[in-house]
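For what it's worth, full-length UniProt numbering labels the leading residue of the sequence shown as 1, then goes sequentially.
Virtual Cβ for every residue (Gly too), placed ideally from N, Cα, C.
Right, one structure below, let's go through it.
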Amino acid sequence: MLTWKNIIHYAVNGNLTPDKRVEKTKTEWKELLTPEQFRITRLKGTERPFSGELCSAYDEGKYNCVCCNTPLFDSTIKFNSSSGWPSFTQPITENAIQYHKDITLGMVRVEVLCNTCDAHLGHVFPDGPEPSGLRYCINSESMQLEKGVENE
Numbered sequence: 001m002l003t004w005k006n007i008i009h010y011a012v013n014g015n016l017t018p019d020k021r022v023e024k025t026k027t028e029w030k031e032l033l034t035p036e037q038f039r040i041t042r043l044k045g046t047e048r049p050f051s052g053e054l055c056s057a058y059d060e061g062k063y064n065c066v067c068c069n070t071p072l073f074d075s076t077i078k079f080n081s082s083s084g085w086p087s088f089t090q091p092i093t094e095n096a097i098q099y100h101k102d103i104t105l106g107m108v109r110v111e112v113l114c115n116t117c118d119a120h121l122g123h124v125f126p127d128g129p130e131p132s133g134l135r136y137c138i139n140s141e142s143m144q145l146e147k148g149v150e151n152e
């Protein structure tokens, strides 16, 4: 189980190696994604709180990267954080996510990206529920729910 200490270690010292890599040009990403998905995942945007359709979805399944379809989170570790974005306590595997120090907007945060294709997903915070204490705050537009598929 990842902890805040692990997250900081990866953000400072480098991330785990992904199982595979997917790389496309800006033009290829634009052709694949909706304008809002492109803005969020490729330009590091964010959606308005409580506006994403996955914010209040609690169906069983896997939450996959909208860009490359890599499984990122499992529905069993999703929780209602009342933050306005889908929230999770752990990634589906330790190497599914990469972590980067984010100093935009005059604050220090840890940005989370898909480790396979570098899509911006959101941020992780140390104020989640036990046992990990983590809250992955993720944009709905950066994921797609594959219903009925549980983490194996």
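query, result
"Other residues of its chain near residue 101: CB distance less than 6 Å, five sequence neighbours each side excluded", "11"
"Residues of its chain near residue 68, where Cβ-Cβ distance is below 6 Å and the 5 sequence neighbours each way are ignored", "22, 116 and 117"
"Cβ neighbour criterion (16 or more within 10 Å) applied to residue 43", "exposed"
"Chain-order list of residues whose beta-carbon lies under 7 Å from that of residue 45 (same chain, five-residue window excluded)", "39"
"Cβ distance (whole Å) where residue 75 is taken to contact residue 61 below 8 Å", "5 Å"
"3 or more residues per run - each beta strand (DSSP E) lying fully within the UniProt domain \"MsrB\" (26-148)", "61-65, 71-74, 97-102, 109-114, 120-125, 135-138 and 143-147"
"Assigned exposure category for residue 141 - 16 Cβ within 10 Å defines buried", "buried"
"With 16 other Cβ atoms within 10 Å as the buried cut-off, status of residue 13", "exposed"
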